[in-house]
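What follows is a single structure, written as structure tokens, with notes after it.
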Amino acid sequence: MGELRGFLRYDRRAAAERPPAERIHDFQEFLVMRPDEELREQGARCMDCGVPFCHGGCPLGNLIPDWNHLVYRDLWQMAIGSLHETNNFPEFTGRLCPAPCEAACVLEIREGESVTIKQIEQAIIDRAYDEGWVVPQPPALETGRRVAIVGSGPAGLAAAQQLRRAGHAVVVFERDEAPGGLIRFGVPDFKIEKQLVERRVDQLLAEGVELRLGVDVGKDVDPAELLDEFDALVLAIGSRVPRDLEVPGRELDGIHFAMDYLYERNRAVAAELGPRPQLDPPPAAGISAAGRKVVVIGGGDTGADCIGNALREGAEWITQLEIVPEPSEHRPDELTPWPHWPLKLRISYAMKEARETRHGELDFSVVTTRFGGNGAVRTMHIAQAAPDPPFAPLPGTERELEADLVLLAMGFVHPERQIAASLGLELDPRGNVAAPAYATSREGVFVCGDARRGQSLIVWAINEGRECAQAVERHLAALVS
Amino acid sequence: MTKTTQQPGAVGLYDPRYEHDACGIGVVARLSNEPDHDVVALALEALEHLEHRGAAGADKKTGDGAGILVQIPDAFLRAVVDFELPARGSYGVGMCFMPDEADERAQLAALIERTVLAEGQEVLGWREVPVDDTNIGVTARASRPTIHQVFIGAGPAHRADADAFERKLYVIRRVVESAAGPGLYIASLSSRTLVYKGMLISHQLKGFYRDLADKRFASAMALVHSRFSTNTFPSWELAHPYRMIAHNGEINTLRGNVNWMRARESTLRSELFGEDLPKVLPVVRPGGSDSANFDNVLELLTLAGRSLPHALMMMIPEAYMNRDGELPPELGGFYAYHSCLIEPWDGPAAVAFTDGRVIGATLDRNGLRPGRFVVRKDGLVVLGSEAGILPVPPEEVEQLGRLAPGKLFLIDLEQGRIVPDPEVKRTVATQKPYGRWYDENTIRFEDLPHRKARALREPLRSLQLAFGYSREDIAKVLPSMIIEGEEPVGSMGNDTTLAVLSDGAPALFGYFKQLFAQVTNPPIDPIRESIVMSIAAGLGAEHNLLEETPEHAHQMTLEHPILRNHELETLRNVSDDVFSAHTIDITWPAAEGPDGMEAALARCCREARAAIDAGSNILILSDRATSPDRVPIPCLLAVAGVHHHLVRDGTRLRAGLVLESGEPREIHHFATLIGYGASVINPYIMFETVCELIEEGWLRGPDDEVLDCMRGQELVRKSIGKSLLKTISKMGISTVQSYCGAQIFEAVGLNRSVIDRYFTGTASRIGGVGLDVLATEALARHARGYPSPQLRPSRLPAGGRYAWRRDGERHMWNPDTIGLLQHAVRYDSAASYAEFATTANEDATRRAALRGLLDFRPIGDPIPLEQVEGWQAIVKRFSTGAMSLGSLSREVHETLAVAMNELGGRSNTGEGGEDPERFRDNRRSAIKQVASGRFGVTIEYLVNADELQIKMAQGAKPGEGGQLPGTKVDEYIGMIRHSTPGVGLISPPPHHDIYSIEDLKQLIYDLRCANPRARISVKLVSEVGVGTVAAGVAKANSDHVLISGHDGGTGASPLSSIFSSGLPWEIGLAETQQTLLLNDLRSRIYVQTDGQLKTGRDVVIAAILGADEMGFGTAPLIATGCIMMRACHLNTCPVGIATQDPVLRKRFAGTPEHVINFFHFVAEEVRGILASLGLRTMDELIGRTDLLEPARAIDHWKASGIDLTPLLTMPELPAGTPLRRVCAQEPVLDDALDWTLIDEAREVIEKGGHIQLTSPVRNVNRCVGGLLSSEIARRYGSDGLDEDSIEVNFLGSAGQSFGGWLAKGVTFTLAGEANDYTGKGLSGGTLVVRPPADAAYVAEENVIIGNTVLYGATDGYAFFRGIAGERFAVRNSGARAVVEGVGDHGCEYMTGGRVVVLGPTGRNFAAGMSGGVAYVLDEIGDFASRRLNGAIVSIEEIDCEGEAELRELIEQHCLRTGSSVARRVLDDWDAMLPRFAKVMPNDYRRVLNERAAAAGMLVEAS
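Protein chains in written order, with this note's numbering: chain A, -12 to 468; chain B, 407 to 1908.
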């Protein structure tokens, strides 16, 4: 639907960004929604395709053409109904998803013209909260079944909400001092303000989900005991074992995993700006970029978030290193034609901030050969990488780089192993918990999110949580009372 | 009749039930009623002149049937029998077709004699009818019965009463027929008439029956018939005439009529028949054709005391509603009263009838069959399907006329005169005070007191879910019905899964596909020809058909078959001494699980019967009781189940069936419910939903009107009515009342026990699910609404039928398949294609289409790939689909053409014509389509084709015409289509020159004339019986037949057409192959199939099921960049394919290479499969059904009941029978009159100059001028020759399509008369028809040309000195014509040219006329008020320019024809000019004004 010929009448107008020079001085979200009238025009651009590739490209199967049209028609309350139907937490995805939907949008056949789906999504849920349309939906009846969920990241919370709404008693175990997982402790406030996580969790609590914070299952509680107490156990523990960089000098001080830095920054911001966690956070390790020469190894979102934080801390200079060659500026059709996710150059919001404020740069095809320093890291030795895996250093290209804080943002390899081991769960070849249909090798134990599929996007996590909930439902339904 | 039952029973997919026939009819009568052998001889001569309307089979000498009905030739019979005959009228003669075998014959004779005695009459003796079978066909001879006449004398009680005796003879025949079985057929048994007929060609009849040549064989009247059957095993008994009629046409509502007759039998009582009545039941003899069934009922009605005209007026009523002031009131009353007794037998029908005392003919309300008559001054009357079947010297002509829609032509032999239609009808209509009875006894529902609607007892959301609502219903279907006033329009094809393979618990409606009219009957245009349509409904009990009392009119009439919720309460609470309603709950306890449904159905049936016994005459089946604990029975199952139960029970007509259900919400739902017996439907959840949407603020009305609930409901109901008419018109049916119970559906995927019990008589050919699965699906839907006690019902499911959704119905074209295919063709990636093919074959097709349920079954060893014929050979069998220029952009259209020419395959113009610039380069389309709109179909277009394809139907919207929105008609498209840019174009649902199979034969002949080098193709759509139609097509001399699947694409079509009509090609193709083989016709015709073909596997399966060639529509489009936007109808295609928007067209990125790559990949996949099957060529593959088997591992839970073996059945055939096309059709042009003309004019044709020729012409000379024009166009294109280069003066009665395609430079002047289709496709020539100089009749009062004159004319002049038939200048887009009177529907769909009518016009003038101008001389002054269809045209003042043009045309007319009318007008010009009405299309006026304004601005600017 949308407006007939709307896509010819209106141009794409993505969400605006606050000026980097301004935004690096605070922790508020850097994206600015366009006014409703403009969003309606963006909705009008949707063509209600016979084959909505956006909807196909969305891991959640969001009903994008439906709510685009509703926004165009100014029917926001119906739009949130439609959006919530497939997505428990659109305020997360609307802010944090890289939007494969937009890459698959039929208008994106002409690169750069896709409907601003993500912006519309965010606007719908933000408005819904503003209008008070997001209310708890507790179940009408209790089934008497009990489900334990380990991990309160988006996968765990989505599973919890779905199962609770179906009338089951749901207890979520979280080892950190506040719920949300990486959304809370990995993603910076300037991408998503934590109040949003808090208010969503409040909704779950109001629906009757029980949250046990500071309980580290596997350490504080034997997972097998949970199986006695609950009718089903869902592991949503993420994929938290980071990929390491095994080169000489790795043991030097000042070389950290990105997530350790991000956790620390998020705790610091929470302490300063709130919301305050219910439990006390653990003591800080003191990783700081202030005044430092920072090197971020890894060109993904985690790396970008490190840069964004480092800038706001007042780093002197930030270098981001990416091992793969610089991709082309435009969609390489022979490799990743529309509607596939295009492997093309994307300059992150953080690198934009760094460049505009002359505080950093990005380098491609760089491989690290060793770190130098005495006790603490002072230099990095890098070389140009071969264009293909395993990206070996090209002889004669070595050079040195000053660095007094190195953040390793090279992704994650698999989930932590303790729980799986103690329950005797089978793993898949990549080291994730094996569960083709969410049920693990052990009766009554389920797994979802990054712990099952490996590190991925938030949308996938939510989708996994929802689908896992269905698998749990089937399991519960089959139980003899 | 053991020997004569050559017709096979149902084998494989062939079923003789779906045979069709059509034909030519003729009547010769002497008003004096003096028996005379001349009358017989003339009738036989007329019959020979109708031979081209009949057909012969594979055996050229075996005809489909010919026959003659005469008065008892008393003198002759007396002379030839060796026993005494009593006085004329006191004996009857039975014409008995009997077995050869003497013993059997003796037994049958004994049976007859016993019966005669038992009935109190006497057997006078027997006579063997002498026959000479030396000159008849082998097949006919082999099946020839021995023919005996039995003579029966009136018994003492019957001697004095001729009518009683005649009735007794009927009783005897019925008793004997029932007892004898198929061994005996009695062609006639009457004291008044005698039928001689057989499986003969017209000219064989006289030689075969030696009696007919005997000079003593005399009759004052004769009725003859030449039959064209779609099969080649016509039996002797199916030849016409029957006992009372000969019929040309088809009864579309037959299944319903037969069911209703059966249901009526229990109420039949007749004083005249008395105790005899039960003996004649069943009235309708099983196994008969539609004509035979009609004859059966007509016979009963007349013998039970009604006059023949009376009975005919009951069975074929003319359109009488909304004609106040036009029809005499008593006639309106007659029709209204009789509508309470019997539903119309609806269909294109020309029925010639006689009882020996009166003889005549009538046309149905649409007038879709031709009928012309001539009255000689000496009192001889000749009537026939064509003018000129008997030559009558001009000076002896008293009157020339034609049959008109709904009119009776009646000769009363006893009175010795022709009784005019109004007089006959007045006599019948005033026999009893029908109108008063009707008015006094019939209750108008609208007059009943109003009630309040019941409130829902359950949450609306739960009920919506339980009844299977989806978001599409709410977001797409209902809003469109309210805003647009009709169901949504969509585009592209149906690539979703069949209901029987769907996991989404589809509604039962989805298992049913609408059938539609193709070839053997025409669909109707319900909008442009709304004057014949009606949606009114009736309720109540029917009474004895054979009586007439005021009580018969105790019926309730409703203006609309859909009732709103409060109205249903009115009906539920109706109570007076006549009406009483009873509500039956059609839900069952969820706790009983699936098994509970069958028990509940049985309960409903019992309750229905009990309620009827208790005096209820309105039964309301209701699922209002739906709740968490009670599950609704699929309402269609409940309706059909109760309906058939009561039919079987004989009580059906004692009550009307009403449905109160939450389930129905789409047009297809309403259509199936009515088709299976519901008279009235209250879709209460649909109405509640409409209110919900309005209250939510979601829904506004047309033009953003703010709606209230009532208004919204009203709008939705109105749109259902409109769409219902569209649906019934696809089958050629005009009234919802006769659609009711007509069961015009085929089921796909229901098993035999479901069909036999609940949908009795419906075709369901591949088995499928049973009641258990239907119950399980009902429970699944119910569970959506009531998922569990703790869960709130969720939002509605996506649906995903109309646009792909991840959690909706499966689509074969989805992001995966589209993405992979585009990648494969753009980067020439075999790997991507392989992935595409695997995804499409194994994932998409396996779970969506029937071919997915078939596996290859290699018999021989595989062979190396190198030994298989090259891909280049295989792609020559491929063509792209008929996608019009206009629907597609120019760039795409040319890309496809270039690619196919490169490959040696064929592209298809589609129905929008082609740019003449492309005719001679690599952008030409080898296949040029000829569709009903005839856009751009000029002689030049035709002559530049390799193949001419007649599109009878289109998979996406069979039975419908097309529509190109004005936004897509730019300058270029307007130029190609000969229309005005900016003005929308309509193609009519039927070809107005094909209402019947013999018409198709004529068009094929016409096209052969236009281009003798092209092969002729006929495009059909799969439905039950398509095989028999294809056999008819083969017999009609086509070279090629295309069987399209239901899933083909479209640029614009209502969604219910895309998704709910037509059948998968797998079934239609297999049926076609089997039927052609059974008929020995396969070897002479190419068979092609199309419909969502996308891979090599699809191609191989198509070949195995019988296709020589394959067509692809969507897949090549996707190769060029189509992403199934489904916005073709909106002109907004974002990839520049289905749009004319210049901005969007620039976005088109496809190339011929993409298309070539696609076909290359497909062909390579085919080669791989061929190698694995051990075959070297495609030829070896065609028809080899032994190479396929039903898939062993069908893992779908619903698929286990599907039986695809009927698709794989191989008829028993002689060894070596070719399974594919191996030889050409018989040449038919050898005896064309044109060859002489071409010879004589050769020099002018080749070098120019001028020549004048003269030639006699007869009705057997058809399409005169076609070949001549072809020769000219081949050389000079549309430029033709200089004006009047070749002038030909003809004398006589010209055959059909006289002056067809006539090219520029040729002038035909005919002194005499011409038949239907005169000037068809006129391409620049000049055509003049005027009476011969010595004619004594008044030209302007007589009919000189037939129906459908100047159909699709694009250029040229035509002058007709006399009156034309129906649909004059239909689809004219350029010709300028003058005529002195026209029948109904003049200038229909006209888009260009000028028409001047200097005399009376029929009704519905200018319907759908969007271009050109008509000038009508309106001397009576009722043109604008009564005759004009003012929907899209207006009457304008004639300005100076118009006056000049009008005057010039009339002057020309005067000059060319010597018309006294023209003279009179010209002589008194100033007085006459104001009497002309100038008919101007509104759109055309708008565009002209816009242009003038634009030109004005230019002037100002300069």
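The beta carbon of each residue, even a glycine, is placed where N, CA and C say it ideally should be.
Whole-angstrom distance between G694 (chain B) and P422 (chain B), CA atom to CA atom: In the second sequence, residue 422 (chain B) corresponds to position 16, counting from 1. In the second sequence, residue 694 (chain B) corresponds to position 288, counting from 1. About 10 Å.
C-beta contact flag for L200 (chain A) and L266 (chain A) at 8 Å: One-based indexing of the first sequence puts residue 200 (chain A) at position 213. One-based indexing of the first sequence puts residue 266 (chain A) at position 279. It is a contact, given that the beta carbons lie within the stated cut-off.
Segment limits, alpha helix (DSSP H) that includes I1280 (chain B): Counting from one through the second sequence, the residue named residue 1280 (chain B) turns up at place 874. Under the DSSP assignment, I1280 (chain B) falls in the alpha helix (DSSP H) whose first and last residues are 1277 to 1281.
Backbone secondary structure at E197 (chain A) - three-state DSSP: As a working note, residue 197 (chain A) is residue 210 in the first sequence. E197 (chain A) falls in the strand class under three-state DSSP.
Chain B contact residues for G48 (chain A), given Cβ-Cβ distances below 7 Å: For the purposes of this step, residue 48 (chain A) is taken as residue 61 along the first sequence, with counting starting at 1. Correct list: R1212, D1213.
Inside the stretch 431 to 465 of chain A only - alpha helix (DSSP H) runs reaching at least 4 residues: Those alpha helix (DSSP H) runs which fall completely within the stretch 431 to 465 of chain A and span 4+ residues are 437 to 440, 445 to 465.
6 Å Cβ shell around G1909 (chain B) - same chain, five flanking residues per side excluded: Summary: the structure shown does not reach residue 1909 (chain B), with chain B confined to residues 407 through 1908, and so no result is reported for it.
Below-8 Å beta-carbon distance, I96 (chain A) vs any chain B residue: Within the first sequence, numbered from 1, the residue matching residue 96 (chain A) stands at position 109. Chain B, which has a Cβ nearer than 8 Å to the Cβ of I96 (chain A), makes this yes.
is_contact[E78 (chain A), chain B] using C-beta, thresh 8 Å: For the purposes of this step, residue 78 (chain A) is identified with residue 91 of the first sequence, where counting begins at 1. With 8 Å as the cut-off, E78 (chain A) does not count as an interface residue toward chain B.
CB contact check: K409 (chain B) to chain A, cutoff 8 Å: Sequence index remark: in the second sequence, residue 409 (chain B) carries index 3 (1-based). Note that K409 (chain B) has pLDDT 39, beneath the 50 cutoff, so the model's placement of it is unreliable and the number below is only indicative. So, not an interface residue.
Between the CA atoms of T1754 (chain B) and V1803 (chain B) - distance to the nearest angstrom: If you number the second sequence from 1, residue 1803 (chain B) lands on position 1397. If you number the second sequence from 1, residue 1754 (chain B) lands on position 1348. So the alpha carbons of these two residues sit roughly 15 Å apart.
Member of B:G526, B:D1873, B:A566 whose CA lies at the smallest distance from the CA of N493 (chain B): Here the question's residue 493 (chain B) lines up with position 87 in the second sequence. This sequence places Ala at residue 493 (chain B); Asn is not what is there. The candidate whose alpha carbon is nearest that of A493 (chain B) is B:A566.
8 Å Cβ cutoff, L1523 (chain B) in contact with chain A: Looking up residue 1523 (chain B) in the second sequence gives position 1117. No, L1523 (chain B) does not count as interfacial toward chain A.
Spatial neighbours of L308 (chain A) in its chain, beta-carbon cut-off 6 Å, leaving aside the 5 residues before and after: Stepping through the first sequence from its first residue, residue 308 (chain A) is reached at position 321. Only residues of its own chain outside the window of five on either side were considered, and among them I284, D350, V353 have a CB closer than 6 Å to the CB of L308 (chain A), listed in chain order.
Alpha-carbon to alpha-carbon, K858 (chain B) and H972 (chain B): Locating residue 972 (chain B) in the second sequence gives position 566, where the first residue counts as 1. Locating residue 858 (chain B) in the second sequence gives position 452, where the first residue counts as 1. In this model, H972 (chain B) and K858 (chain B) are separated by some 5 Å (Cα to Cα).
Any C-beta of chain C under 8 Å from that of H1452 (chain B): In the structure shown, chain C does not exist; the protein chains are A and B.
Reference S1129 (chain B), options B:E1072, B:V1154, B:V1160, B:Q1143, closest by Cα: Start at 1 with the first residue of the second sequence, and residue 1129 (chain B) comes out as number 723. Nearest of B:E1072, B:V1154, B:V1160, B:Q1143 to S1129 (chain B), Cα basis: B:E1072.
Contact check, L1348 (chain B) vs K1334 (chain B), beta carbons under 8 Å: Position 942 of the second sequence, counted from the start, is the residue given in the question as residue 1348 (chain B). Position 928 of the second sequence, counted from the start, is the residue given in the question as residue 1334 (chain B). Contact: yes.
Contact list for Y1233 (chain B) against chain A, beta-carbon separation under 9 Å: Here residue 1233 (chain B) refers to the residue found at position 827 when the second sequence is read from its first residue. Neighbours of Y1233 (chain B) on chain A, chain order: D320, E321, P324.
Residues near Q412 (chain B) by beta carbon distance below 8 Å, same chain, minus five either side: One-based indexing of the second sequence puts residue 412 (chain B) at position 6. The pLDDT assigned to Q412 (chain B) is 45, lower than 50, so where the model puts this residue is not dependable, and the model offers no usable value.
Neighbour list for N1220 (chain B) in chain A, Cβ cutoff strictly below 9 Å: For the purposes of this step, residue 1220 (chain B) is taken as the residue at position 814 of the second sequence. Under the 9 Å cutoff, chain A gives V38, G43.
Cβ separation of R1777 (chain B) and Y1795 (chain B), assumed to be a contact under 8 Å, to the nearest whole Å: For the purposes of this step, residue 1777 (chain B) is taken as the residue at position 1371 of the second sequence. For the purposes of this step, residue 1795 (chain B) is taken as the residue at position 1389 of the second sequence. Between Y1795 (chain B) and R1777 (chain B) the Cβ distance is about 5 Å, and since that is below 8 Å, they are a contact.
Cα-Cα separation between R461 (chain A) and C455 (chain A), rounded to whole angstroms: Taking the first sequence and counting its residues from 1, one reaches residue 461 (chain A) at position 474. Taking the first sequence and counting its residues from 1, one reaches residue 455 (chain A) at position 468. Distance from the CA of R461 (chain A) to the CA of C455 (chain A), rounded to the nearest whole angstrom, comes to 10 Å.
T408 (chain B) versus D509 (chain B): straight-line alpha-carbon distance, rounded: Locating residue 408 (chain B) in the second sequence gives position 2, counting from the first residue. Locating residue 509 (chain B) in the second sequence gives position 103, counting from the first residue. Interpretation of T408 (chain B) is limited by its pLDDT of 35, a score under 50 that renders its predicted location unreliable; the figure taken from the coordinates is listed afterwards. Using only the alpha carbons, I get a separation of about 12 Å.
Under the three-state DSSP convention, the category G347 (chain A) falls into: For the purposes of this step, residue 347 (chain A) is taken as residue 360 along the first sequence, with counting starting at 1. Three-state result, G347 (chain A): strand.
Reference R934 (chain B), options B:Q1369, B:L1614, B:L1643, closest by Cα: Against the second sequence, residue 934 (chain B) aligns to sequence position 528. Minimum Cα distance to R934 (chain B) is reached at B:Q1369.
Secondary structure of T411 (chain B), DSSP reduced to three states: Translated into positions along the second sequence, residue 411 (chain B) becomes position 5. Low confidence applies here, because T411 (chain B) scores a pLDDT of 39, under 50, leaving its location unreliable and the question unanswered by this model.
Backbone secondary structure at M1516 (chain B) - three-state DSSP: Numbered from 1 along the second sequence, position 1110 holds the residue referred to as residue 1516 (chain B). In the displayed model, M1516 (chain B) falls within a strand according to three-state DSSP.
Where L128 (chain A) falls, given that 16 or more other Cβ within 10 Å makes a residue buried: Stepping through the first sequence from its first residue, residue 128 (chain A) is reached at position 141. Exposed, by the Cβ-count rule.
Positions along the stretch -5 to 25 of chain A whose CB lies within less than 9 Å of some CB in chain B: Per Cβ criterion, the list reads L(-5).
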